[in-house]
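Working notes for the structure below.
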Amino acid sequence: RGIPLTSEQEELFKRCMQLEEGGESGEGWSEIKSKSKDVDMSMRYFPPKKGERSVGTGRAVGIIDCSAEEVAAYLFAYCSRQRMLKSQEKKDPARLV
C-alpha cells in the first residue's frame, strides 16, 4: 500500500476525496459561467470545521487539440517563477501549481 500516512494526513486525504464525490453526475458541484463555449466549469466547496481552513476546488472540462509537449510547455510558462513571485507579492490565496 505504500508509505503509511499519519492520522492527520489520512484525514486530509479523506477530505480531498470527498471533493470529487458526485463524480460525473455533477452532484455537489456548482456551475460557473465560462468565458469559452468549449469549456464547462464548476466549483465545489466544503465549509471548514471549527478552527480549520475552508476547502474548495474548481474544475474545468474541455478538449485540448494539441500535443502533450505543447500542453507541458504552456503549463510550464503559465506557472513560471516570475508569475509565482508576482502572486506571492500580491498575497494571492490560491494558485495553480
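Letter by letter, the sequence shown follows residues 10 to 106 of this note's numbering. Even for Gly, the Cβ is constructed at its ideal location relative to N, Cα and C. Bear in mind that the values here come from a model prediction, so they are computed numbers and not experimental data.
Extent of the continuous beta strand (DSSP E) to which residue i belongs
| i | result |
| --- | --- |
| residue 40 | 39–41 |
| residue 68 | 64–70 |
Same chain, Cβ closer than 6 Å to residue i, neighbours up to 5 away in sequence not counted
| i | result |
| --- | --- |
| residue 65 | 54 |
Nearest neighbour of residue i, chosen from the options [CA to CA]
| i | options | result |
| --- | --- | --- |
| residue 50 | 74, 95, 37 and 68 | 68 |
| residue 43 | 70, 62, 63 and 27 | 70 |
| residue 21 | 79, 94 and 62 | 62 |
Inter-residue Cα distance where the pair is residue i and residue j
| i | j | result |
| --- | --- | --- |
| residue 39 | residue 52 | 5 Å |
| residue 24 | residue 91 | 32 Å |
| residue 81 | residue 87 | 10 Å |
| residue 16 | residue 26 | 15 Å |
| residue 78 | residue 59 | 44 Å |
| residue 75 | residue 93 | 25 Å |
| residue 11 | residue 18 | 14 Å |
Cut-off 8 Å between Cβ atoms - residues of its own chain near residue i, not counting five sequence neighbours on either side
| i | result |
| --- | --- |
| residue 48 | 69, 70 and 71 |
Cβ-based neighbour list, residue i, same chain, cut-off 7 Å, excluding 5 preceding and 5 following
| i | result |
| --- | --- |
| residue 106 | Legend: pLDDT at residue 106 = 45, less than 50; position of this residue unreliable, no value from coordinates given. |
Opening and closing residue of the alpha helix (DSSP H) in which residue i lies
| i | result |
| --- | --- |
| residue 84 | 77–87 |
| residue 94 | 90–99 |
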